Amino acid sequence: MRKRVLQVVLISSALILLAACGRSSSNSNSDTGATAAPTVAPTMPAANFAAVSQSAGVITETLVVSDTENNTSTSDLERGAAAYTKNKCGDCHGANGEGVADKGNVIASTTLPFEDFETVLRTGGGLGNEHIFGRSAISPGGMTALYDYVKSLK
Numbered sequence: 000m001r002k003r004v005l006q007v008v009l010i011s012s013a014l015i016l017l018a019a020c021g022r023s024s025s026n027s028n029s030d031t032g033a034t035a036a037p038t039v040a041p042t043m044p045a046a047n048f049a050a051v052s053q054s055a056g057v058i059t060e061t062l063v064v065s066d067t068e069n070n071t072s073t074s075d076l077e078r079g080a081a082a083y084t085k086n087k088c089g090d091c092h093g094a095n096g097e098g099v100a101d102k103g104n105v106i107a108s109t110t111l112p113f114e115d116f117e118t119v120l121r122t123g124g125g126l127g128n129e130h131i132f133g134r135s136a137i138s139p140g141g142m143t144a145l146y147d148y149v150k151s152l153k
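In numbering that gives the first Met the number 0, the protein residues as written are 0 to 153.
Structure, rendered in structure tokens:
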């Protein structure tokens, strides 16, 4: 008798479990038995970008002169010069990177690799806090332009 009750309980439990794990009526098509695709709700509005041909604006031509030795353009060198002025590099290193006595070394035509140049300007490189320029002061692209400008100084 106990064996029979145990069999009924196990079979009933298995049937209940199968019924609970089966397909729900909201995710299946009762006629075909096919499962419907889940509904996806967008989390952001669709982007609304105009194609380049639809953009309203003025097209200007820019003459870019390339420095084949350093592979830099005039606009990059101008950007580097602006960064040199903005960050007051000339106060210690001179307007042309020639150095200023008791303030800063000659940096014109530097042979310092870019990685070392950037390390000095991002961390101070042991030269003091006046050499620490975070990414808000000089972007990675600005750092490259500044490096190219300093290398171009004669």
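Each residue gets a CB set at the ideal place from its N, CA and C atoms; glycine is no exception.
Nothing here was measured: the structure is a model prediction, and the numbers come from that model.
What residue from the options has the CA that sits closest to residue i's CA?
i, options, result
"S135", "V7, D90, I10, A82", "A82"
"L76", "F116, M142, R1, V99", "M142"
"V149", "G140, L14, T109", "T109"
"F132", "K2, R78, K85", "K85"
"D115", "G140, G89, Y146, C88", "Y146"
"F113", "L16, V4, G140", "G140"
What residues match up with residue i in a beta bridge as DSSP calls it?
i, result
"G155", "Any property of residue 155 remains undetermined from this structure, which presents the chain solely from 0 to 153."
Closer than 8 angstroms by C-beta to residue i: which residues in its own chain qualify, once you throw out the five before and the five after it? Chain order, please.
i, result
"S138", "none"
"M0", "none"
"T126", "A small correction: the amino acid at residue 126 is Leu; Thr does not occupy that position in the sequence shown. V119, listed in sequence order."
Tell me which residues share the same chain as residue i and place their Cβ nearer than 6 angstroms to its Cβ, disregarding the 5 neighbours each side in the sequence.
i, result
"C91", "V99, K102, G103"
"I15", "none"
"T59", "Because T59 sits at a pLDDT of 43, beneath the cut-off of 50, its placement in the model cannot be relied upon, and the following sentence gives the value as read from the coordinates. No residues qualify anywhere along the chain."
Give me, in chain order, the residues of the same chain whose beta-carbon lies closer than 7 angstroms to that of residue i; leave out the 5 immediate sequence neighbours on both sides.
i, result
"H130", "V119, L120, G123, G124"
"G96", "V105, I106, A107, V149, L152"
"S12", "none"
Can you round the beta-carbon distance between residue i and residue j to whole angstroms, since I take them to be within the 8 angstroms contact cut?
i, j, result
"G93", "A144", "About 19 angstroms; that fails the 8 angstroms criterion."
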